[in-house]
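Q: This is the structure I want to talk about, given as structure tokens.
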Amino acid sequence: MTAALAQRAAPDPLDAAVRTLGDGALWRLVNRRLIAKTISELSWEEALRPVETGAGGTFELPLDSGATYAFRGRRRIWGQIAVEPASMTRRAGGAEGPADDACGFFVDARAELGADAATLATYLKELSSTLLADMRVAAANSGMDAAALAALDPDRLQCRLEGHPKAPANKGRIGWGLEDHLAFAPESEPTFRLVWIAADRERCRLSLAPDLDEEALLEQSLDAAERLRLRAACRAAGVDPDRYVLMPVHPWQWTNAVLPHFAGEIASGRIVPLGSFGDAYLPQQSLRTLANADRPGRLQVKLPLTILNTSCWRGIPGRYMAAGPKLSRWLADIAATDPVLADAGTIVLGEVAGAFYPHPVYERLPDGPYQFHEMLGAIWRESVERHLRPGETGVMLGALHHCDDAGRPLASAWIERSGLGHAEWLERLFAAVVVPLYHFMCRWGIGFIAHGQNLTLVLKDAAPVRLAVKDLQGDCDVVDPPFPELGSLEPAALAVLPKRPAAHQIHDLQTGHFVTVLRFLSERLTAADGFPEEEFYAVLARVLRRYQAANPDLAPRFRLYDLFRPTMERVCINRARFRIGYGDAAQRPVPELGSDLANPLHRFDPVRGEPTETPRP
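At position 585 of the sequence shown (counting the first as 1) the number is 585 in the working numbering, and the numbers step up by one without a gap.
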């Protein structure tokens, strides 16, 4: 067979994707699942108000548009309704049929959501992109049960997950078409090389860990032969290594943001294009984070993408770059020397290097939209593999509540494989994950926005043993006013971290973790395995109280960060989008607050009668 015939005979990914989109049954399935998720989450956010109509968990959702959605479901411990997708019907104009048009649902509910036409139309664009990606995930996972999914390589597993559990349009990716999804989205499991540029040192801000130099950094992305090829390209372009920094750019970002916006820098010779080099990378759930596919365990690279996804433009801010390696080293030293964290084996995935190239004109508009300030940069981050002990594996925490087609979460498969009972497995989970996060806050005044993508759970024999935290630049904050313990952090690093009062910082754990991760995990373990949510939170309460009893010197801080108070704030991320629309702003959008939530930890607290507020220490 000639090369031309072989090329024609090879399967075309675009054709295959189009064929997948032509699967009507699969299309209706992903639409039903998305409507069920939307009703559940927007009802929890108090934007929609279903009415229970009879015994057995039957509900109706009448809308001002005249449409009514009926379904079966069960109200869970946090107040959300777990909706059965197959049970949903839509009545309108005297006709009734299955509810399997997700975009149509949002048009039906427009009045309740308070969205103007422009906002809703753009949201439907995000929703359509999400459905496209959901089709590909559902097709890839078809026939795989929870045990088979849990057995996948952890980097590949990230390509098979449903995404952010709170956001209906969680794969919005405004700016990408189908070919971009195929080339760069995780559900396509693509691998690709990075584009490399030489950036003028007078403009480019480079920060390295003390034990890392630029050649060692290059070695993490390029083997010896590729480094030679890159050096040859530098010589051919007249690049002086004393004048230029070598940095990678995401291929999509190079074509769609850097070339058009930084054309003047390229024309002036301050940015020199060199071409594609080095190892192939695999995109992870966050899109911007890329794992080395050729040499697993090497540094991961986080690169900006000027697309709107899950409410935000996915760039990389430059203000944290200089402090990143210093902050990483300081946090890693804490994890290694603090008795509680060291005993738990907590890992900090260091951000060992950062590079940022500000746009020469947009930086003169500090109050301009933030997307224009975050277009060209890179963060190099440790992979969890380099920290693992024999027999351990690291999985993204958000994988725990991902379900197979039968509704069984991956956590159920790991629990079964471990040989432990649910309560013992969960006790180990909370001791490995929640206790270190809470201790970082109470002892050090450090908060991590602890959602399912920012945390890696380390398993051994399928049981939880340790936690790895990441995304230290931007998703880490400190208490204000600072605790004395923060005095050991270099002032320059402390200065760039977000400062939040304790009453707000506690939501890194309550909203970022309990509501965004555990709320869905407890619901799905109940639905799939019959494990009661009441026992789930009773186990969590016991683990936290046991930790508190073992650290009596922190009692004032425990009252400051009170996880057991009767109520907590309901943070609503979806309602904010419908309120603010899609206009550009200098800052990322701020969620809205709903009515207070009843706190399950208060209900199952084994210790009662403690004060919930005292003056700070």
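Think of the CB as a built atom: it goes at the ideal place given N, C-alpha and C, for glycine as much as any other residue. Keep in mind that this is a model prediction, so the values were computed, not measured.
Report yes if the CB atom of S328 is closer than 7 Å to the CB atom of L472, and no otherwise.
A: The residue labelled residue 328 in the question sits at position 328 within the sequence shown. The residue labelled residue 472 in the question sits at position 472 within the sequence shown. Contact: yes.
Q: Go through its chain and collect everything with a Cβ distance to S418's Cβ below 7 Å, but skip five positions before and after it.
A: Translated into positions along the sequence shown, residue 418 becomes position 418. Excluding positions up to five away in sequence, the list reads W425, D461, A462, A463.
Q: Check whether the Cβ atoms of S412 and A527 sit closer than 7 Å, and answer yes or no.
A: Locating residue 412 in the sequence shown gives position 412, where the first residue counts as 1. Locating residue 527 in the sequence shown gives position 527, where the first residue counts as 1. No; because the gap between Cβ atoms is not below 7 Å, this pair is not in contact.
Q: Please determine, among R408, G24, A111, L494, the residue with the shortest C-alpha to C-alpha distance to S522.
A: In the sequence shown, the residue the question calls residue 522 occupies position 522. The residue with the shortest Cα to Cα distance from S522 is R408.
Q: Any idea what DSSP makes of N309, helix, strand or coil?
A: Indexing the sequence shown from 1 puts residue 309 at position 309. Strand.
Q: First and last residue of the beta strand (DSSP E) that includes A95?
A: On the sequence shown, residue 95 is found 95 positions in, with the first residue counted as 1. Looking at the DSSP string, the run of the beta strand (DSSP E) that includes A95 is 95 to 98.
Q: From D12, P50, A70, pick the residue whose C-alpha is nearest to that of R32; which is it?
A: Along the sequence shown, one-based indexing puts residue 32 at 32. Comparing Cα-Cα distances from R32 to each of D12, P50, A70, the minimum goes to A70.
Q: Buried or exposed: R8, going by 16 or more other Cβ atoms within 10 Å of its Cβ?
A: For the purposes of this step, residue 8 is identified with residue 8 of the sequence shown, where counting begins at 1. Low confidence applies here, because R8 scores a pLDDT of 47, under 50, leaving its location unreliable; read the following figure in that light. Counting Cβ neighbours within 10 Å, R8 comes out exposed, since fewer than 16 surround it.
Q: Look at the alpha carbon of R91 and the alpha carbon of L303, and state the distance between them as a whole number of angstroms.
A: Position 91 of the sequence shown, counted from the start, is the residue given in the question as residue 91. Position 303 of the sequence shown, counted from the start, is the residue given in the question as residue 303. Spanning the two alpha carbons is a distance of roughly 46 Å.
Q: Evaluate G22 with the Cβ neighbour count: other Cβ atoms within 10 Å of its Cβ, from every protein chain shown; 16 or more gives buried, anything less gives exposed.
A: The residue given as residue 22 occupies position 22 in the sequence shown. Exposed: under 16 other Cβ atoms inside 10 Å.
Q: Could you pull the DSSP bridge partners for R90 from this structure?
A: Locating residue 90 in the sequence shown gives position 90, where the first residue counts as 1. Y69, G97, per the DSSP bridge assignment.
Q: With DSSP as the reference, label Y537 as helix, strand or coil.
A: Translated into positions along the sequence shown, residue 537 becomes position 537. In the structure shown, Y537 sits in a helix (DSSP, three-state: H, G or I).
Q: Pull up the distance between the alpha-carbon of A492 and that of Y320, whole angstroms please.
A: Taking the first residue of the sequence shown as position 1, residue 492 is located at position 492. Taking the first residue of the sequence shown as position 1, residue 320 is located at position 320. In a straight line, the C-alpha of A492 is about 10 Å away from that of Y320.
Q: In chain order, what residues of the same chain lie with their CB nearer than 6 Å to the CB of R74, ignoring the 5 residues before and after it?
A: Taking the first residue of the sequence shown as 1, we reach residue 74 at position 74. G57, A82.
Q: Can you tell me where the beta strand (DSSP E) with S488 in it begins and where it stops?
A: Position 488 of the sequence shown, counted from the first residue, corresponds to residue 488. First-last for S488: undefined, no H or E at that position.
Q: Residue range of the alpha helix (DSSP H) that C159 falls in?
A: As a working mapping, residue 159 is identified with position 159 in the sequence shown. Taken as a continuous stretch (DSSP letters only), C159 belongs to no alpha helix (DSSP H), as it is neither H nor E.
Q: Helix, strand or coil for N292, going by three-state DSSP, please let me know.
A: Counted from its first residue, the sequence shown places residue 292 at position 292. Of the three classes helix, strand and coil, the one that applies to N292 here is strand, per DSSP.
Q: Specify the secondary structure class of I449 as computed by DSSP and reduced to three states.
A: Counted from its first residue, the sequence shown places residue 449 at position 449. Coil.
Q: In angstroms, rounded to a whole number, what distance separates the CA positions of T38 and V137?
A: The residue you call residue 38 lines up with position 38 of the sequence shown. The residue you call residue 137 lines up with position 137 of the sequence shown. Between T38 and V137, the C-alpha separation is close to 18 Å.
Q: Quick check: what's the CA-CA separation for V571 versus L149?
A: Walking along the sequence shown from the start, residue 571 turns up at place 571. Walking along the sequence shown from the start, residue 149 turns up at place 149. The straight-line gap from Cα to Cα measures roughly 31 Å.
Q: Quick one: what's got a C-beta closer than 6 Å to M568's C-beta in the same chain, skipping five residues either side?
A: Counted from its first residue, the sequence shown places residue 568 at position 568. Contacts found: Q510, L597, N599.
Q: Just to confirm, are R443 and D477 a CB contact at a threshold of 7 Å?
A: Taking the first residue of the sequence shown as position 1, residue 443 is located at position 443. Taking the first residue of the sequence shown as position 1, residue 477 is located at position 477. Cβ distance not < 7 Å, so R443 and D477 don't count as in contact.
Q: Suppose contacts are defined by Cβ-Cβ distances below 7 Å. Is I307 in contact with I174 by that definition?
A: Position 307 of the sequence shown, counted from the first residue, corresponds to residue 307. Position 174 of the sequence shown, counted from the first residue, corresponds to residue 174. The answer is yes: Cβ separation under 7 Å.
Q: Express the C-alpha separation of F514 and G391 in angstroms, rounding to a whole number.
A: Position 391 of the sequence shown, counting from 1, holds the residue named residue 391. Position 514 of the sequence shown, counting from 1, holds the residue named residue 514. Rounded to whole angstroms, G391 to F514 spans 29 Å at the Cα level.
Q: Let me confirm a value: E52 is counted as buried when at least 16 other C-beta atoms fall within 10 Å, else exposed. Which label applies?
A: Translated into the one-based positions of the sequence shown, residue 52 becomes position 52. By the 10 Å Cβ count, E52 comes out exposed.
Q: Got a sec? Which residues, its chain only, sit under 7 Å from R243 by beta carbon, not counting five neighbours each side?
A: Position 243 of the sequence shown, counted from the start, is the residue given in the question as residue 243. Excluding sequence neighbours, R243 sits near D200, R201.
Q: Report the three-state DSSP secondary structure of I197 (helix, strand or coil).
A: As a position in the sequence shown, residue 197 is number 197, starting the count at 1. Looking at I197 - three-state DSSP - the assignment turns out to be strand.
Q: Quick check on the burial criterion: 16 or more other C-beta atoms within 10 angstroms. Buried or exposed for R588?
A: As a working mapping, residue 588 is identified with position 588 in the sequence shown. Burial call: exposed.
Q: Could you check where the beta strand (DSSP E) with D279 kicks off and where it finishes?
A: Indexing the sequence shown from 1 puts residue 279 at position 279. Here the beta strand (DSSP E) through D279 covers 271 to 283.
Q: Within 10 angstroms of its Cβ, does E215 collect 16 or more other Cβ (buried), or is it exposed?
A: For this step, residue 215 is matched to residue 215 along the sequence shown. When all chains shown are included, E215 counts as exposed.
Q: Should L158 and Q300 be called a contact, given that it needs their Cβ atoms to be closer than 7 Å?
A: As a position in the sequence shown, residue 158 is number 158, starting the count at 1. As a position in the sequence shown, residue 300 is number 300, starting the count at 1. Per the sequence shown, the amino acid found at residue 158 is Gln instead of Leu. Contact: no.
Q: If I measure Cβ to Cβ from E219 and keep anything under 8 Å in the same chain, skipping five residues before and after, which residues do I get?
A: The residue given as residue 219 occupies position 219 in the sequence shown. Closer than 8 Å at the Cβ level, and outside the excluded window around E219, lie R227.
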